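Residue numbers (this note's numbering), protein chains in the order written: chain A, 29 to 265; chain B, 29 to 265. A virtual CB, placed ideally from N, CA and C, is assigned to each residue, including glycine. Predicted model only: the values in this text are computed from it and were never measured. Inspection log for the structure reproduced underneath, given as structure tokens.
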DNA sequence: CATCAGTAAAAAAACGATATTTAATTTGAC
DNA sequence: GTCAAATTAAATATCGTTTTTTTACTGATG
């Protein structure tokens, strides 16, 4: 069945979700997972039929993806999935370094006991899956990705600047997209476990300088990874 | 006449602009100038009639204002003009300091002769209006705002990071909005002329440290200004 | 053989009517 | 008189058609 009945609101949690939000979430997932290829056209009519909604619902869902820069639109020639490039990823990584370092610094300065507890908890969950990692199965990588995000979110969760957190979040999502697109065999990358441990220690010690440096390094190490895998893909066209 | 005929494309420059873009630009201007009050409702039906377009055109225009955070929307209860608050402005200013300082640093590092020329030119135009300022007239304040923006844009125009420039731009617009909303008698504020001169000198000298510091100070000085004027407004409700 | 105009097909943008949801108001019971 | 349920009104969200624009195709012309 191509058009899953979205009126079937027998599910528990999805109360009151608007059609636009549903379509938005669905397309968003497609882009972030790489299912929808960069620069590919997003035809309204096709999507309309696929999701069983009206055309302006689709258009509005696509418009909202402009917020996160996940789609582009220009003049009278429709919507496209956001392109990818090495230069773009480097810019994302550089800005992430700046924002994440600032957010961690703020959190260390302002974080209370609750924040510390969140960090400890999130790190525990992440460390667990990173040590006893079976590695291969899809589901466990998904779970690792979730816990990794939760850990990094926890680290900055005492930063009170909504704008900073918002921009940081957008960049994080793009970063994950690049990893998903370019890295074909999804596993837990490099020796990320000890990096997380080091960041955790520095943060709990309230060592701003060190935490900042480690955070920057952590992000910057993703660049050669993407370079190695994205460059061949781009060249092979 | 309430509904200006947008099909009247007898004007020169406005070629190929889509209806959504026109409505978007119009409402955007309303928000940035403070004509549309913060948190006020943006009723689709009313806007539809005002601009003489269909309802989904209005909705899409409003959706695109979500990109810059100039409007908010939640569930099934429509669109609102973005709210303002002192806390919000402080966050904007803090993040602007971070981003602008970085962008200036990058520009000083990478800027070529063309960049320098742009900076010199933009500064000249700004300095001119700031010295011989007649001050009062609306039109000259508008012109000063334009030149001020151009100068600051020129300063960062050698920064190659599109994401950084994009976020910076969004924050700059919000900043201008706060000034317009809270400052009733629009004049060229405080002794901004010498600040610009100092920044200009530091940048042309390629003194990164100093330029960064001056840029941060320049931005931070807007905070007490807004505090002084926005606090009474908020209290008077 | 390339270029260009003209035509046909496809897609995007725009519209306005309909269905749903939320907010406001009235009514009725305690 | 107060609160709650029911009714009405207003506004949002959704839909599918119509109009406009772009793109692809075809054939004539230099």
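Below the 9 angstroms Cβ cutoff, chain A contributes 44, 45, 46 and 49 as neighbours of residue 103 of chain B, in chain order. Looking at the DSSP output, residue 107 of chain B bridges to B:70 and B:101.
Secondary structure note for residue 95 of chain B: it is in no alpha helix (DSSP H), with a DSSP letter that is neither H nor E. The beta carbons of residue 236 of chain A and residue 136 of chain A sit about 5 angstroms from each other, so the pair counts as a contact at 8 angstroms. In the structure shown, residue 188 of chain B falls within a coil segment according to DSSP collapsed to helix, strand and coil. With contacts defined by Cβ atoms closer than 8 angstroms, residue 98 of chain B and residue 110 of chain B form a contacting pair.
Counting only runs that start and end inside the stretch 197 to 236 of chain A, the alpha helix (DSSP H) elements of at least 4 residues fall at 220 to 232. Counted as a single uninterrupted DSSP element, the alpha helix (DSSP H) harbouring residue 137 of chain A occupies residues 114 to 138. When secondary structure is reduced to three states using DSSP, residue 149 of chain A falls in the helix class.
The Cβ atoms of residue 244 of chain A and residue 129 of chain A sit closer than 8 angstroms to each other. Closest in alpha carbon position to residue 105 of chain B, among B:78, B:123, B:122 and B:70, is B:70.
For residue 120 of chain A, the chain B residues whose C-beta falls within less than 8 angstroms of its own C-beta are 191, listed in chain order.
Contact residues of the stretch 79 to 106 of chain B toward chain A are 84, 87, 88, 91, 92, 94, 95, 103 and 104 (C-beta to C-beta distance below 7 angstroms). Here residue 154 of chain A is near residue 175 of chain A, since their CB atoms are less than 8 angstroms apart.
Residue 63 of chain B carries a coil assignment under DSSP once its states are collapsed to helix, strand and coil. In terms of beta-carbon proximity, residue 60 of chain B stays away from the interface with chain A, with every pair separated by 8 angstroms or more. Taking 7 angstroms as the upper bound on Cβ-Cβ separation, chain A lies near residues 122, 123, 126 and 130 of the stretch 122 to 141 of chain B. Less than 8 angstroms divides the Cβ of residue 75 of chain A from the Cβ of residue 86 of chain A. Its chain contains 182 and 185 as the residues whose beta carbon lies nearer than 8 angstroms to that of residue 146 of chain B, once the 5 sequence neighbours on both sides are disregarded; these appear in chain order. Residues of chain A with a Cβ closer than 7 angstroms to the Cβ of residue 258 of chain B do not exist; the shortest Cβ-Cβ separation is about 17 angstroms. Within the same chain, 192, 195, 196 and 199 come within 8 angstroms of residue 127 of chain B by CB-CB distance, once the 5 residues on both sides are set aside. The residues 223 and 227, in chain order, have a CB closer than 7 angstroms to that of residue 246 of chain A in the same chain once the five nearest residues on each side in sequence are set aside. About 12 angstroms separates the CB atoms of residue 58 of chain B and residue 209 of chain B; that is not less than 8 angstroms, and the two are not in contact. Interface annotation, residue 117 of chain A: not in contact with chain B, CB-CB separation never under 8 angstroms.
Between the C-alpha atoms of residue 51 of chain B and residue 83 of chain B there is a straight-line separation of about 11 angstroms. Taken atom to atom, the span from the alpha-carbon of residue 190 of chain B to that of residue 116 of chain A is near 8 angstroms. For a cut-off of 8 angstroms, the C-beta gap from residue 103 of chain B to residue 46 of chain A is around 7 angstroms, short enough to register as a contact.
By the criterion of a C-beta distance shorter than 7 angstroms, residue 118 of chain A is surrounded in its chain by 251, once the five residues flanking it on both sides are discounted. With contacts defined as CB atoms closer than 8 angstroms, residue 133 of chain A and residue 240 of chain A qualify as a contacting pair. Scanning chain B for C-beta atoms nearer than 7 angstroms to the C-beta of residue 242 of chain A yields nothing, as the closest lies near 19 angstroms away.
For residue 199 of chain B, the closest Cβ of chain A is nearer than 8 angstroms. For residue 195 of chain A, the C-beta contacts it makes with chain B under 8 angstroms involve 123 and 195, in order along the chain. Burial check for residue 158 of chain A: the Cβ neighbour count within 10 Å reaches 16 or more, so the residue is buried.
A residue is called buried once 16 or more other Cβ atoms fall within 10 Å of its Cβ, and residue 202 of chain B is buried on that count.
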